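Remarks on the structure that follows.
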Amino acid sequence: MLEIKNSTAVITGGGGGIGLALAEYWVSNGGKVLLADVAEKFLEAAENHLKEWSGNVRKIVCDVTNENDCAKMADFAIEQFGAINLVAPFAGIIKDGLMVSPDAATGKVTRKMPLAQFQSVLDINLTGVFLTVRECAERMINNNCKGLICLISSTGSLGTAGQINYSSSKAAMSVFPKVITAEFFRRGLADKIRCVAVAPGYVGTAMVRKIPPAALDKIIEQIPIGRLVEPYEVASLVGELYRNESLAGEVYFIHGGLRLGSKG
Ligand SMILES: NC(=O)c1ccc[n+]([C@@H]2O[C@H](COP(=O)([O-])OP(=O)(O)OC[C@H]3O[C@@H](n4cnc5c(N)ncnc54)[C@H](O)[C@@H]3O)[C@@H](O)[C@H]2O)c1
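Residue numbers (numbering that gives the first Met the number 0): 0 to 263.
In structure tokens, the structure reads:
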């Protein structure tokens with residue numbers, strides 16, 4: 000079993016939501032955290048909040064779609080803490096819409112999802128994760144670090160209506176744990192650096208709370224536990240995945256029993 004105490008977590012999207020909840024969990028268990036986010040204002044507030052609990056918190060502005068930013072982030076973690084033990088590339092966005100929207104009266108398509116709306120979600124949720132993981136994994140190997148790469152997929156990876164961009168990004172990313180585990184196995188690294196993903200259902204963060212209340216009530220009606228999953232519950236699962244060294248190469252769902260219906 001690995002211990003969180005004195006280990007270093009690099010968390011993108013750490014300025015809010017599930018990333019910040021994971022940072023809270025990490026420092027409250029004696030770990031060190033590098034928070035990375037594109038939103039400087041959120042990052043500042045998150046750092047100040049965490050510093051009330053621990054001095055072992057650093058922050059860096061990083062756009063995960065930028066190769067240089069990701070390299071600087073990974074270097075900064077090593078400079079500040081000497082190691083990277085948990086990589087949590089949690090930066091992600093949604094930009095929902097139907098692929099094609101026919102008009103109710105005419106039956107003709109009046110709106111199509113613009114390419115930029117599709118591509119921007121792939122850029123952050125898929126390419127951004129690739130860059131974060133590649134840069135951090137390089138430093139982990141070169142600095143002889145032990146730990147976990149823990150990605151964040153979604154129940155959306157199974158296919159949700161209105162999310163062809165988001166669902167595609169999360170479905171593609173869900174294969175990373177298998178590929179990375181197999182590659183590390185080939186190179187004799189799989190016992191030192193494991194890779195998994197968590198796949199939450201609906202979690203009570205800004206991303207979900209901006210859904211109109213009536214629509215959110217309908218969603219909650221479909222969740223067997225009768226409520227949203229809380230961000231700290233996802234953080235706690237990540238903690239268990241980190242500690243338990245038999246867990247590797249898999250995607251772990253956390254959704255309160257939710258099953259997607261035929262209309263997603
Ligand atoms: N909330 C949910 O219900 C839910 C469910 C399943 C998966 N997820 C996933 O969890 C992750 C976190 O979601 P959340 O609900 O906490 O969202 P959130 O919107 O609260 O936080 C996401 C963070 O990512 C940051 N970010 C966005 N683009 C970035 C970029 N280019 N570079 C760096 N940072 C960037 C934002 O500034 C924000 O602080 C996402 O990957 C999301 O897809 C969320």
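Cβ coordinates follow ideal geometry from the N, Cα and C atoms, glycine included. Owing to the predicted nature of the structure, the values given are computational and were not obtained by experimental measurement.
query: Trp25: which of Leu85, Asp190, Gly12 sits nearest, CA to CA?
result: Taking the first residue of the sequence shown as position 1, residue 25 is located at position 26. With distances taken between Cα atoms, Trp25 lies closest to Leu85.
task: Mind the definition here: the stretch 131-145 touches the stretch 72-82 only if three or more C-beta pairs lie below 8 Å; say whether that holds.
output: Yes, they touch.
- request: Give me the Cβ distance between Ile192 and Phe183, rounded to the nearest whole Å; I'm assuming they're in contact under 8 Å.
  value: Here residue 192 corresponds to residue number 193 of the sequence shown, with the count starting at 1. Here residue 183 corresponds to residue number 184 of the sequence shown, with the count starting at 1. Indeed, because the Cβ distance is near 6 Å, the residues count as touching under 8 Å.
query: What residue from Ile222, Tyr165, Arg186 has the CA that sits closest to Met112's CA?
result: As a working note, residue 112 is residue 113 in the sequence shown. The closest CA to that of Met112, considering only Ile222, Tyr165, Arg186, is found on Tyr165.
message: In the DSSP assignment, the beta strand (DSSP E) including Leu240 goes from what residue to what residue?
response: Counting from 1 along the sequence shown, the entry for residue 240 is found at position 241. Unbroken run through Leu240 is the alpha helix (DSSP H), 230-242; no beta strand (DSSP E).
query: Could you give the distance in angstroms between the alpha-carbon of Cys135 and the alpha-carbon of Leu236?
result: Residue numbering aside, residue 135 sits at position 136 when the sequence shown is read from its first letter. Residue numbering aside, residue 236 sits at position 237 when the sequence shown is read from its first letter. Roughly 21 Å separates the two Cα atoms.
Minimum length 3: unbroken beta strand (DSSP E) runs contained in the stretch 8-94: 31-36, 56-60, 85-88
message: Quick check: what's the CA-CA separation for Leu157 versus Lys169?
response: For the purposes of this step, residue 157 is taken as the residue at position 158 of the sequence shown. For the purposes of this step, residue 169 is taken as the residue at position 170 of the sequence shown. Cα to Cα, Leu157 sits roughly 9 Å from Lys169.
- request: Return the residue from the list Tyr231, Leu257, Leu34 that minimises the CA-CA distance to Ile224.
  value: In the sequence shown, residue 224 corresponds to position 225, counting from 1. Residue Leu257 is the option with its Cα nearest to Ile224.
- request: Answer yes or no: the CB of Ile17 versus the heavy atoms of ligand 1, is any distance below 6 Å?
  value: Your numbering for residue 17 matches position 18 in the sequence shown. Yes, since a heavy atom of ligand 1 falls inside the 6 Å radius drawn around the Cβ of Ile17.
task: Could you tell me whether the stretch 19-39 touches the stretch 205-213, using the rule of 3 or more Cβ pairs below 8 Å?
output: no
field: Alpha-carbon to alpha-carbon, Asn143 and Ile222
entry: Counted from its first residue, the sequence shown places residue 222 at position 223. Counted from its first residue, the sequence shown places residue 143 at position 144. Each residue's Cα considered, the two are about 43 Å apart.
- request: Confirm, please, whether the CB-CB distance from Gly263 to Thr159 is below 7 Å.
  value: Start at 1 with the first residue of the sequence shown, and residue 159 comes out as number 160. Start at 1 with the first residue of the sequence shown, and residue 263 comes out as number 264. Yes.
- prompt: If you run the structure through DSSP and keep just helix, strand and coil, what is Thr109?
  reply: Translated into the one-based positions of the sequence shown, residue 109 becomes position 110. Looking at Thr109 - three-state DSSP - the assignment turns out to be strand.
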